[in-house]
Amino acid sequence: MPIAPPGSLVLVTGASGFAGGYIVKALLEAGYRVRVTARSEAKVAHVRALFPSHADSIEGVVVVDISEPSAFDQAVVGIDAVVHAASPVITNYEGDPDDIVLPAVKGVTHLLDALARVNPDIKRFVQISSVAAVAFSTPDGPRVFDESYWNDESVRLVRADGAAASGGLKYQASKTLSERALWDFVKDKKPAFDAVAILPSLILGPPTQYNTTDAVTGSPRLIIPYVLPGKTDAELQVPTYNSVDVRDVALASVRALTTPEAAGERFILSATPLFGNDVAVVAAQFPAIKGYTAGNADKAVREKLDAGAVKYDGSKAERVLGFTYVPKDETIRTTLEALQPKIVAAAA
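For the sequence shown, position 339 matches number 339 in the UniProt record's numbering, and the numbering has no gaps at all.
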C-alpha cells in the first residue's frame, strides 16, 4: 500500500476550478510539490500567481485536448501521485450525451494510459468523482446511501433516451462511467499504484479565492435562489442536496495520498443534508441581503428536516481519513459571505 508523503510531486488536473484550486492550496500547505494542468499558458500562469509564497513548489503543463490519447504524456513525467479533478460539470445539457460522457471518461482513461506508458511507478491515483456516481434516488428507494451503491440506472436511462434524457441524468452518467473507468483499469491492468475515489456531494464554501472561474458558474451558485425574493416557506423545506465544504474536499484529497488504508476505496464526502431553510436561516447574519423569505431557525424544526432527508453517508471518510466535517452553518456562512455582492445585485 504505497503512499505519497509530503515532498512528493503531485499532478493536479482541473486545478483552475473551484475544488481543484483548494486541492492545490492544501497540497502546497502540506509540503507537496504540485504540477497543474490547464488548457492554456495563461491559465497555468494564473494558477501559479494565486500562490506566490509557493512559487518554487508549483509548475504547470498545458493540456489542450484531453480527447487526444497522448494528451497527458508530458504531464505525468516524473510525478509521484495524481489528484484527478478535471471533468465536465454540466447539469443542463440538452444535446448528445456523448458530448459530456466521452470527455469525462477519456479524461480518466487517457491519463491512466499515459501513466502505464510513461510513469507506471507512481504511488497513488486519487480521482475526484461525485455522489452522482452513487445513487439514483427514487421516492420509494433507499433513504441512506453508502459507497456500496452505484448509479448504473442513470447510465441505462441515458443510453435508452439519448439526447432526450435530462441534463441531470447525463451528468450522473458521466460521473458513473468515468469512475467505473478507473476501477476497470485497476481490475484489468493491475497497476503498481493504488487508486482512491473521492465522491463529494454539493461542494460549498468561499468560491472566489483559489479558482480562475466566475464564482456564479460554480456549485455555490445553487444556493443563491434561496435568499432571493419569492420563495415560500414550503419551498424552503423541500429537500435539495447533501453538501460538503470545499475545504473538506481538499483535506480529504491530501489524506487520500497519505493514508495506507485508503487504497482501493471509495469515500463519500457529505457532511449533511441541505435545505433552502438552512440557507435562509444563516442569511440573517447578513443585513445587506434583504427581501427573501426568512428561515425557521428552530432547532427541532431543522433536525426534523434533516432526519427526513435522503442522505449520503460520509462517515467512512471521517473515520478512515481522519478529519471532522466543517459544520453546515459555517459552510453556508462563508459561501454567502463570498457571494453577498452578487446576491444583493440579483435582488435589486
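All C-beta atoms, glycine included, are put in the ideal place defined by N, C-alpha and C.
Might you give, ordered along the chain, the residues of its own chain that have their beta carbon closer than 7 Å to the beta carbon of residue i, omitting 5 neighbours on each side?
i      : result
Asn151 : Ala132, Ala133, Val134, Ala135, Phe136, Gln172, Thr176
Leu199 : Ser129, Ser130, Val131, Ala133, Val134, Arg266, Phe267, Ile268, Leu269
Ala275 : The sequence shown places Phe at residue 275, not Ala. For Phe275, where only same-chain residues beyond five positions count, the Cβ hits under 7 Å are Leu236, Gln237, Pro239, Thr240, Leu305.
Pro88  : Ile100, Pro103, Ala104, Ser174
Pro229 : Gly291, Tyr292, Ala347
Ala252 : Ile198, Phe267, Leu269, Ala317, Leu321, Phe323
Classify residue i as buried or exposed, calling it buried when 16 or more other Cβ atoms lie within 10 Å of its own Cβ.
i      : result
Pro273 : buried
Ala86  : buried
Ala283 : buried
Pro190 : Before going on, a small fix: residue 190 reads as Lys here, not Pro. With fewer than 16 Cβ atoms within 10 Å of its Cβ, Lys190 is classed as exposed.
Ala345 : exposed
Ser148 : exposed
Gly60  : buried
Ser70  : exposed
Gly7   : exposed
Pro52  : exposed
Thr335 : buried
Lys311 : buried
Val155 : buried
Gly322 : exposed
Lys170 : buried
Asp188 : exposed
Lys328 : buried
Ala300 : exposed
Ala55  : exposed
Gly295 : buried
Glu94  : exposed
Gly218 : buried
Glu68  : exposed
Ala297 : exposed
Asp245 : buried
Glu179 : buried
Ser201 : buried
Asp113 : buried
Val10  : buried
Ala26  : buried
Just checking my contact of residue i with residue j at CB under 8 Å: how many whole Å lie between their CB atoms?
i      : j      : result
Gly167 : Thr331 : The pair is not a contact, with the Cβ atoms about 26 Å apart (cut-off 8 Å).
Asp278 : Arg302 : 7 Å
Asp194 : Gly264 : 6 Å
Ala309 : Thr293 : In fact, because the Cβ distance is near 20 Å, the residues do not count as touching under 8 Å.
Ser243 : Ala288 : Not confirmed; about 23 Å, so no contact.
Ala347 : Lys290 : 7 Å
Val249 : Ala19  : 5 Å
Ala262 : Val158 : The Cβ separation is near 30 Å, so there is no contact.
Phe72  : Val64  : Actually they do not touch by this definition, with Cβ atoms about 11 Å apart.
Can you tell me where the beta strand (DSSP E) with residue i in it begins and where it stops?
i           : result
Ser243      : 239-245
Ile79       : That residue, Ile79, is in no beta strand (DSSP E); it is neither H nor E in DSSP.
Gly60       : 58-62
residue 363 : Nothing about residue 363 can be reported from this structure: the residues present for the chain run from 1 to 348 only.
Val12       : 9-13
Thr109      : Run containing Thr109: none in the beta strand (DSSP E); it sits in the alpha helix (DSSP H), 98-118.
Val34       : 33-38
Ile268      : 266-269
Arg124      : 124-128
Leu236      : From DSSP, Leu236 is part of no beta strand (DSSP E) but of the alpha helix (DSSP H) over 233-236.
Phe18       : Not the beta strand (DSSP E): Phe18 falls in the alpha helix (DSSP H), residues 18-29.
Pro273      : 272-275
Kindly indicate if chain B contains any beta-carbon less than 8 Å away from that of residue i.
i      : result
Ala164 : No chain B is part of this structure, which consists of one protein chain only.
Here's a check: name, in chain order, each residue in its chain whose Cβ is nearer than 6 Å to the Cβ of residue i, leaving out the five neighbours to either side.
i      : result
Ala181 : Val105, Val108, Thr109
Gln74  : Val61
Asp146 : Asp313
Val24  : Val12, Ala15, Val34
Arg221 : none
Arg143 : Val310
Ala4   : Asp80, Ala81, Lys123, Arg124, Leu257
Tyr325 : Asp248, Ala271
Val186 : Ala195
Spatial neighbours of residue i within its chain, please: CB distance less than 8 Å, with the 5 preceding and 5 following residues excluded, ordered by chain position.
i     : result
Asp96 : Gly162, Ala163
Val77 : Val118, Asn119
Within the continuous alpha helix (DSSP H) that includes residue i, where are the two ends?
i      : result
Ile332 : 328-347
Thr176 : 167-189
Leu321 : 315-321
Leu157 : 152-161
Leu305 : 299-308
Lys43  : 41-49
Three or more C-beta pairs under 8 Å: does that hold for the region 4-16 against the region 28-42? yes
For the structure I just gave you, are there three or more beta carbon pairs, one from the region 250-262 and one from the region 110-127, closer than 8 Å? yes
Meets three-Cβ-pair contact criterion under 8 Å: the region 46-55 and the region 108-117: no
Should the region 230-238 be called in touch with the region 98-108, which here means at least 3 C-beta pairs below 8 Å? no
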